[in-house]
Amino acid sequence: MSKLRFHKPVRVQPGRIDRDKVVLSTKHAAEILLRDWPDRGQKKRERAMRACLEVIKGRKPPSYARNAFISAARDARILLDDWTSPRVC
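All letters in the sequence shown, in the order written, are residues -12 to 76 by my numbering.
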C-alpha cells in the first residue's frame, strides 16, 4: 500500500460542505472518483481513473495519479487544497 501513497495529501469536497476528504493514496482517489464524484461525465475524471489504474498496476508512480486527480478535482470545482505550495499567513 505504501507504494500507492501520495507524497502530499489532496483535500477535496465532493459532497456536503461539512464533509471534506483528505486523499492520501491512489486507492483512496480511485474510490472517490468511482463513488463520490459529483459529475460522472467529465473527461478529466475518466483520465484520472485511468491514471489510478496505471499506478495500481505498477506501471506509473503515484504522482501520476495524484496529478490527474488534482486536475479532475479542479475541473469539477471540488479541489480545496493540494498542499503543493507553502501557505502565506
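Glycine residues also receive a C-beta, built at the ideal position from the N, C-alpha and C atoms.
If you're wondering where the values come from, they're calculated on a predicted model, not measured in any experiment.
Cross-strand partners of residue i (DSSP beta bridge)
i          : result
residue 12 : -8
residue 66 : -1
8 Å contact criterion, which residue i and residue j should meet: CB distance rounded
i          : j          : result
residue 34 : residue 59 : 7 Å
residue -8 : residue 11 : 6 Å
Residue j beta carbon less than 9 Å from that of residue i
i           : j          : result
residue 65  : residue 9  : no
residue 22  : residue 63 : no
residue 67  : residue 7  : yes
residue 24  : residue 1  : yes
residue -10 : residue 45 : yes
Three-state class that DSSP yields for residue i in the structure shown
i          : result
residue 74 : Residue confidence is low: residue 74 scores 44 on pLDDT, short of 50, so the model does not pin down where it sits. Its coordinate-derived value is still stated next. The answer is coil: DSSP assigns residue 74 none of H, G, I, E or B.
residue 51 : helix
residue 59 : helix
Is the segment 7 to 19 touching the segment 44 to 61 in the sense that three or more CB pairs, one from each, lie closer than 8 Å?
yes
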